[in-house]
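See structure below.
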Amino acid sequence: MESFNTKREETEGEEKKEQEKNIEDVDNRLNEILSVASECIQSEELRAKLLLKRRLICYDGFEPSGRMHIAQGLLKSLIVNKLTSNGCTFIFWVADWFAQLNNKMSGDLKKIKKVGNYFIEVWKSCGMNMEHVQFLWASDEINKKANEYWSLVIDISKSFNINRIKRCLKIMGRSEGEENYCSQILYPCMQCADIFFLNVDICQLGTDQRKVNMLAREYCDIKKIKKKPIILSHEMLPGLLEGQEKMSKSDENSAIFMDDSEADVNRKIKKGYCPPNIIENNPIFAYAKCIIYPYYKEFHLMRKEKNGGKLEKCGKRKKKKIATF
């Protein structure tokens, strides 16, 4: 009997150690996942999902349009790699029909698909780990289950009034006050439907998409759906010029594109807004913090000797080093 009790105690002790190890692993993964975001709604829900010991489904949707800038290319690659290395599967919803609704590429679906394939190849070339990444084309997936998808869109559209939907128009780069086509009112209902159609755990988009992601959580409350999507929003990379909260393709001098030459990048950076002793709303420091530091784990500030000279290795004490600027 004593031997049996001893073995039982040993087994229970091992189980407790394993449980503690699992909890520590979950907390480490939680911190890594949260590191990509400026906001998480809700981190407690995210931790509970991580305890389920399955790969979580993250998603982001993108409209194929024009050239890809570094916020879409480099920043997104960093985020995706961080999430997939911490137990997530990342779905890119290639929003070809959405681009057509938003009149991107003049609404030409063939051109939109061509640009979508270009985006995928750029991500592959800039270091995105594709092992746990899926690219799903909206038009293909919706056509496979048209009844399920459009029934969901209709139900969402019936659950909210027009003013609530119009508050989401910023996701398209539109304002509430400007003239809107009916197709643009449909857009937020479709984007909200995507989340449930894809059975998403985490909506991983920029802060500019927050309102439609919150619409999905509100829909869960209305329909008493227990599985609410977690909103993991990354901060928007600002444009290079003063007062630009978001990098814009419409102003080529405010954005660095993935296919820019070295000369183009140097020219744009030198003309970029970078006031001395000011960190807030400073695009150059935003790029250093969000792209250069995560890629290289250190960076150098090159200054003239009269201004203090070269500031070496802004690594582990990044905030302190930046403050000295």
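Just so you know, this note's numbering puts 74 at position 43 of the sequence shown, and the rest follows in order with no gaps. Ideal placement from N, C-alpha and C gives every residue a C-beta, glycine not left out.
Cutoff 8 angstroms; reference residue i; Cβ partners in own chain excluding five residues on either side
i       : result
Gly-270 : Glu-276, Lys-277, Met-278, Ser-279, Asp-282, Ser-285, Ala-286, Pro-314
Asp-239 : Lys-201, Ile-202, Met-267, Lys-277
Cys-71  : Leu-65, Leu-77, Ile-261, Ile-262, Leu-263, Ser-264
Ser-188 : Ile-196, Leu-217, Cys-220
Asp-291 : Lys-299
Inter-residue spacing [alpha-carbon to alpha-carbon] between residue i and residue j
i       : j       : result
Asp-56  : Lys-113 : 15 angstroms
Phe-121 : Val-67  : 14 angstroms
Arg-298 : Lys-176 : 49 angstroms
Leu-109 : Met-159 : 7 angstroms
Leu-236 : Leu-263 : 7 angstroms
Ser-214 : Lys-337 : 58 angstroms
Glu-40  : Lys-255 : Confidence at Glu-40 is low in this model, with a pLDDT of 48, below 50, so the placement of that residue should be treated as unreliable; the coordinate-derived value is given next. So the alpha carbons of these two residues sit roughly 44 angstroms apart.
Ile-196 : Ile-216 : 7 angstroms
Ile-323 : His-331 : 10 angstroms
Pro-325 : Glu-172 : 34 angstroms
Lys-52  : Lys-80  : 17 angstroms
Lys-107 : Arg-98  : 15 angstroms
Arg-198 : Asn-244 : 12 angstroms
Trp-154 : Cys-305 : 29 angstroms
Gln-165 : Ser-156 : 16 angstroms
Asn-174 : Trp-168 : 10 angstroms
Glu-329 : Gly-274 : 27 angstroms
Tyr-318 : Ile-226 : 30 angstroms
Lys-302 : Glu-75  : 43 angstroms
Pro-307 : Ile-185 : 52 angstroms
Glu-249 : Ala-294 : 48 angstroms
Asn-133 : Lys-145 : 17 angstroms
Arg-85  : Ile-54  : 14 angstroms
Counterpart residues of residue i in DSSP-defined beta bridges
i       : result
Val-125 : Phe-93, Trp-168
Ile-143 : Beta-bridge pairing links Ile-143 to no other residue.
Phe-288 : His-100
Ser-264 : Glu-70
Ile-309 : BP columns for Ile-309 are empty, so no partner.
Leu-234 : Reading off the sequence, residue 234 comes out as Cys, not Leu. DSSP, once it has assigned bridges, lists Tyr-90, Ile-262 as partnering Cys-234.
Cys-119 : Leu-87
Residue i and residue j closer than 8 angstroms at C-beta
i       : j       : result
Trp-124 : Tyr-90  : yes
Gly-147 : Pro-95  : yes
Cys-321 : Leu-268 : yes
Ala-224 : Leu-183 : yes
Lys-259 : Cys-251 : yes
Ala-126 : Gly-104 : no
Ile-233 : Cys-119 : yes
Met-221 : His-100 : no
Glu-152 : Thr-115 : no
Tyr-149 : Phe-228 : no
Cβ-based neighbour list, residue i, same chain, cut-off 6 angstroms, excluding 5 preceding and 5 following
i       : result
Asn-117 : Arg-60, Glu-63, Ile-64
Ile-253 : Ser-190
Glu-43  : Here the model assigns Glu-43 a pLDDT of 47, short of 50, so the residue's position is not dependable and the matter cannot be decided.
Lys-135 : Glu-94, Ser-96
Ala-102 : Leu-268, Met-278
Leu-82  : Val-57
Distance between beta carbons of residue j and residue i, contact taken as under 8 angstroms
i       : j      : result
Asn-178 : Ile-88 : That belief does not hold up - the Cβ atoms of Asn-178 and Ile-88 are roughly 22 angstroms apart, past 8 angstroms.
Beta-carbon proximity list for residue i, same chain, < 7 angstroms, skipping 5 on both sides
i       : result
Gln-131 : Gly-138, Leu-140, Ile-143
Val-296 : Ile-287
Ser-170 : Asp-127, Trp-128
Ser-69  : Thr-238, Ser-264, His-265, Glu-266
Val-111 : Phe-121, Met-159, Val-164
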